[in-house]
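Single-structure report; data block below.
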Amino acid sequence: MEYVRKGGVIALRLVKGEEIVASLTTVAARESVSAACVSGIGAVGRATIGVLRTSDKRYVKRELEEDMEIASLTGNISVGADGKPYLHLHVVLGGIENVYAGHLNEAYVSATAEIFITLFEAGIGRFYDDETGLNLMKFED
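Position in the sequence shown (first residue = 1) + 355 = our numbering.
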C-alpha cells in the first residue's frame with residue numbers, strides 16, 4: 356500500500372493481495388481520521404458483501420470469488436464507540452456475467468485499487484440503535 360495526504364484528501368493505491376477494509380482502517384488510524392468520505396475503483400478476486408435483513412436486524416453475507424471490477428466503492432469513516440476507526444462501506448462489483456452490490460465486509464485486490472479519502476472537519480461518532488440494530492452516526496460538537 357502506498358498513500359499520500361495533501362490538504363483534506365488522502366489518496367491510496369493498493370496492490371494485488373491487499374485487503375481493502377483492513378488497509379483503509381490502517382490508514383484511518385495512522386492519520387487520525389475522525390470523519391471522512393471514501394470513494395474508489397479497482398479490481399478484486401475475492402470479496403464478502405452483505406445485505407441487512409431488517410426483519411431480524413442481521414446482515415446476510417455472500418462470499419464471492421471471481422474476477423470483478425469495483426464499479427463503485429463508497430462510504431464513510433467515523434469513530435466507533437471504542438475510539439477506533441469505524442468504516443461503513445458499500446460496493447458494486449461487476450463480474451464477467453454478474454453484478455453484485457452490498458455492504459463491504461472484505462475484498463482482496465487482484466490487480467490494483469485506487470481509493471480517495473476526503474476528510475470532513477468535524478468529529479463523527481457512532482451509537483448503537485436498538486430499533487434498527489445498527490451503529491448510527493452521532494455528530495460531535
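Idealized CB from N, CA, C, for every residue including glycine. Bear in mind that the values here come from a model prediction, so they are computed numbers and not experimental data.
Whole-angstrom distance between residue j and residue i, CA atom to CA atom
i, j, result
"G449", "T380", "24 Å"
"Y455", "L407", "14 Å"
"A436", "F494", "13 Å"
"R360", "S378", "15 Å"
"L444", "I451", "23 Å"
"S394", "V370", "17 Å"
"N460", "T403", "5 Å"
"L442", "D422", "24 Å"
"D485", "V415", "18 Å"
"E418", "I425", "15 Å"
"I470", "G430", "11 Å"
Bridge partners - residue i, DSSP secondary structure assignment
i, result
"R385", "None; R385 has no bridge partner."
"M356", "DSSP lists no partner for M356."
"G397", "I425 and A468"
"A366", "V359 and F471"
Chain-order list of residues whose beta-carbon lies under 6 Å from that of residue i (same chain, five-residue window excluded)
i, result
"K412", "G488"
Cβ neighbours of residue i in the same chain (closer than 8 Å, five flanking residues each side left out)
i, result
"A466", "K371, G397 and A398"
"V382", "M356, Y358, I365, L367, V388 and I472"
Do the segment 364-373 and the segment 477-496 meet, that is, are 3 or more Cβ pairs less than 8 Å apart?
-> no
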